[in-house]
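Visitor: Under the numbering used here, think of the first position of the sequence shown as 31, with each following residue one higher. By construction, the Cβ of each residue, glycine as well, lies at the ideal position given by its N, Cα and C atoms. My questions all concern the structure below.
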Amino acid sequence: MRSFTGVTSAEREGRIVVEAMAGTPKAELVKIFLKKRLAPALFLCGLPGDVGGGVVMNAGIGEQIVPREFVEITDWVDVLDLESMQEKRFRKEDLRWTYRHCSGWQPGILLKCGFSWPDQSDESIPRRVKDATRLRLQKQPLNLPSCGSTFKNPLPQTAGALIDRAGLKGFQVGGAQVSAKHANFIVNLGEATASDVHAVIEHVKGEVLRQFAVRLETEVKYLGRW
Numbered sequence: 031m032r033s034f035t036g037v038t039s040a041e042r043e044g045r046i047v048v049e050a051m052a053g054t055p056k057a058e059l060v061k062i063f064l065k066k067r068l069a070p071a072l073f074l075c076g077l078p079g080d081v082g083g084g085v086v087m088n089a090g091i092g093e094q095i096v097p098r099e100f101v102e103i104t105d106w107v108d109v110l111d112l113e114s115m116q117e118k119r120f121r122k123e124d125l126r127w128t129y130r131h132c133s134g135w136q137p138g139i140l141l142k143c144g145f146s147w148p149d150q151s152d153e154s155i156p157r158r159v160k161d162a163t164r165l166r167l168q169k170q171p172l173n174l175p176s177c178g179s180t181f182k183n184p185l186p187q188t189a190g191a192l193i194d195r196a197g198l199k200g201f202q203v204g205g206a207q208v209s210a211k212h213a214n215f216i217v218n219l220g221e222a223t224a225s226d227v228h229a230v231i232e233h234v235k236g237e238v239l240r241q242f243a244v245r246l247e248t249e250v251k252y253l254g255r256w
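See below:
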């Protein structure tokens, strides 16, 4: 059976080129870019999950830095076409990239991703990654399991601020709770089920809509029937 984890890197034509199986943790990308003191380490250091999910979600952070989203570092993806059962490569320009979403490769299974960035080291990167990690530990509940940000930001507002203003920090169903540290995180206190998380999401959406007339859209994806 083919492994869905694994990563390699090389220097080519003035760029650091990384190839990673879709199930590879984003932390492995951080290690590679951080070792070379390259800018992608700064936005990647705060992202949970695997690289395939990062591409599918066009994962990123809110800070105004470069790069700040997966679209900026992705070159291509390899996909198993579910109709022909053949692998197909999609270049970055073949895909449609929007806020927290990447399409144009479906239907299929994402197998492998290619990333690159100019090999221009910045000696400040290790310090900035350390500072960013410390700040995120202070502001985000990284000590508990979660899916990261639950809702997309309804710009120019932020989902976390609206949920906080709605008085929903600490709201809990079963083992799932709106984090008291960052309202856009739903954390697992130990025994949370998918149904618990879903119930919290629906309650939050309902309250924000009722109080502020803002319809929140989930950043997390659902599998199965709900």
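So residue 120 and residue 134 are in contact, right, with Cβ under 8 Å, and what is the actual spacing, rounded?
Guide: By one-based count along the sequence shown, residue 120 stands at place 90. By one-based count along the sequence shown, residue 134 stands at place 104. That belief holds up - the Cβ atoms of residue 120 and residue 134 are roughly 7 Å apart, short of 8 Å.
Visitor: Which residue wins for smallest C-alpha separation from residue 137, given the options 181, 157, 86 and 143?
Guide: Locating residue 137 in the sequence shown gives position 107, counting from the first residue. Minimum Cα distance to residue 137 is reached at 86.
Visitor: Flag this pair as touching only if the region 180 to 200 and the region 148 to 157 have three or more C-beta atom pairs under 8 Å; answer yes or no.
Guide: no
Visitor: Have a look at residue 106 and residue 100 and give me their C-alpha separation to the nearest angstrom.
Guide: Numbered from 1 along the sequence shown, position 76 holds the residue referred to as residue 106. Numbered from 1 along the sequence shown, position 70 holds the residue referred to as residue 100. Near 11 Å, if we compare the C-alpha coordinates of residue 100 and residue 106.
Visitor: Just mark residue 150 as buried or exposed, buried being the case when its beta carbon has 16 or more other beta carbons within 10 Å.
Guide: Residue numbering aside, residue 150 sits at position 120 when the sequence shown is read from its first letter. The residue in question, residue 150, is exposed, as its Cβ has fewer than 16 Cβ neighbours within 10 Å.
Visitor: Cβ of residue 119 less than 8 Å from any chain B Cβ?
Guide: Although the question refers to chain B, the structure presented lacks it and comprises just one protein chain.
Visitor: Please go through the same chain and pick out, in chain order, the residues whose beta-carbon is closer than 8 Å to the beta-carbon of residue 229, but skip the five residues on each side of it.
Guide: Your numbering for residue 229 matches position 199 in the sequence shown. Same-chain partners within the cutoff: 203, 204 and 206.
Visitor: Restricting to runs no shorter than 4 residues, where is the alpha helix (DSSP H) found entirely within the region 42 to 84?
Guide: Counting whole runs of 4 or more residues, the region 42 to 84 contains the alpha helix (DSSP H) stretches 56 to 65 and 70 to 74.
Visitor: Residue 249: buried (16+ other C-beta within 10 angstroms of its C-beta) or exposed?
Guide: By one-based count along the sequence shown, residue 249 stands at place 219. It is buried - the Cβ of residue 249 has at least 16 other Cβ atoms within 10 Å.
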